[in-house]
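Take a look at the structure set out below.
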Amino acid sequence: MSEMRVWQNHRGHLLDTVKGFDVIECEPCGFKHIIPIPTIDELEVVYRQEYYSLEKPLYLERHKEDLEWWNLVYSERYDTFEELLPPHRRRILDVGSGPGLFLIHGEQQGWQTLGIEPSTQAAAHSCGLGLEIVQDFLTEQTAKQLGTFDVVHMSEVLEHIPDPRGMLNIARSLLAPEGLICVVVPSDYNPFQQVLRTACGYKPWWVAPPHHINFFDFESLSHLLSSTGFGIVLREATYPHRHVPADGR
Ligand SMILES: [Zn+2]
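The numbering of the sequence shown is the numbering used here, which starts it at 1 and goes up by one.
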């Protein structure tokens with residue numbers, strides 16, 4: 001077994017060390033994350049100014065290349081919300097709405113939308129599409145001005161957040177009764193990646209501090225959601241995942 005690491009209230013077995021950050025299987029949190037955990041202040045510049053210009057400069061071009069596929073993904077997601085909600089409940093908040101492409105799809109499908117997005121460039125692009133966007137991080141303070149929603153959508157957000165449990169609590173406070181949260185995260189440390197490491201000597205390229213702080217899988221994300229008061233209604237993966245049935249077969 002690997003050695004234990006402890007940082008503040010976090011402790012767990014060490015999985016990897018990249019650029020001075022350790023990834024641990026954190027026992028109190030119940031999911032993998034890096035330590036030290038970057039602070040909100042350290043991430044402020046990254047997500048307000050740099051993310052879409054330095055980290056994802058080709059985001060829109062790549063998205064356009066795959067537009068047909070994204071439209072299918074988005075349609076299916078809104079269809080799922082519509083199956084689970086009564087017809088009059090069509091108000092959605094997209095947390096980390098990026099350039100606004102998911103929300104535009106919702107508008108076209110008859111949804112009332114709001115985005116919250118810290119990046120200056122991404123928020124400007126969304127506003128140019130005619131979307132209503134709050135350019136900020138989602139915090140307890142900023143949440144107060146947003147209202148309530150039938151769906152809170154958080155795609156590829158929780159892996160970037162210093163306190164995912166706190167973020168889910170804020171999201172829950174924004175939901176109308178029986179509202180839905182849709183959380184999409186990468187599944188790193190998955191079996192494909194493990195095989196590439198052990199059989200082919202790959203390095204853990206998915207460990208990218210300070211951008212990716214947390215690493216989830218079905219079990220750890222489900223546990224985090226249920227321990228913050230959410231019931232799980234649907235779990236999906238975009239590629240085959242190892243699934244061990246409850247009886248162990
Ligand atoms: Zn922890």
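For each residue, glycine too, the CB sits at the ideal point set by N, CA and C.
Computed from a predicted structure; not experimentally measured.
Beta-carbon gap between residue i and residue j smaller than 9 Å
i, j, result
"residue 154", "residue 134", "no"
"residue 96", "residue 156", "yes"
"residue 159", "residue 213", "yes"
"residue 119", "residue 49", "yes"
"residue 175", "residue 148", "yes"
"residue 22", "residue 35", "yes"
"residue 126", "residue 99", "yes"
"residue 225", "residue 181", "yes"
"residue 129", "residue 167", "no"
"residue 131", "residue 113", "yes"
"residue 33", "residue 215", "yes"
CB-CB length for residue i against residue j, believed under 8 Å
i, j, result
"residue 11", "residue 28", "7 Å"
"residue 187", "residue 30", "Not confirmed; about 16 Å, so no contact."
"residue 196", "residue 202", "4 Å"
Cβ-based neighbour list, residue i, same chain, cut-off 6 Å, excluding 5 preceding and 5 following
i, result
"residue 89", "150"
"residue 111", "90 and 92"
"residue 204", "16"
"residue 206", "188"
"residue 248", "For residue 248, the predicted model reports a pLDDT of 38, less than 50, meaning its position is unreliable; a value from the coordinates is still stated below. For residue 248, where only same-chain residues beyond five positions count, there are no Cβ hits under 6 Å."
Closest residue to residue i among the options (Cα-Cα distance)
i, options, result
"residue 239", "144, 230, 35 and 217", "217"
"residue 208", "37, 30 and 3", "37"
"residue 229", "30, 172 and 122", "172"
"residue 152", "19, 195 and 103", "103"
"residue 62", "32, 41 and 101", "101"
"residue 44", "14, 87, 200 and 210", "210"
"residue 94", "40, 123 and 41", "123"
"residue 3", "41, 169, 24 and 39", "24"
"residue 164", "40, 198 and 19", "40"
"residue 26", "200, 20, 42 and 7", "7"
Contacting residues, own chain, Cβ-Cβ under 8 Å from residue i (five flanking each side not counted)
i, result
"residue 78", "105, 106, 109 and 111"
"residue 60", "99 and 125"
"residue 235", "218 and 222"
"residue 145", "134"
"residue 232", "222, 225 and 226"
"residue 244", "Confidence in residue 244 is poor, its pLDDT being 46 and thus under 50, which makes the residue's placement unreliable; the coordinate value appears in the next sentence. Once the five neighbours on either side are set aside, residue 244 has no close Cβ partner at all."
"residue 9", "28"
"residue 47", "118, 119, 137 and 160"
"residue 87", "none"
"residue 237", "187 and 218"
Closer than 9 Å to chain B by CB, residue i
i, result
"residue 109", "Absent here is chain B; the protein component of the structure consists of one chain."
Same chain only: Cβ atoms within 7 Å of residue i, ignoring 5 sequence neighbours per side
i, result
"residue 136", "116, 118 and 142"
"residue 81", "151 and 180"
"residue 58", "none"
"residue 65", "none"
"residue 169", "228"
Legend entry - Within 5 Å of ligand 1: residues by beta-carbon to any heavy atom: 10, 26 and 29
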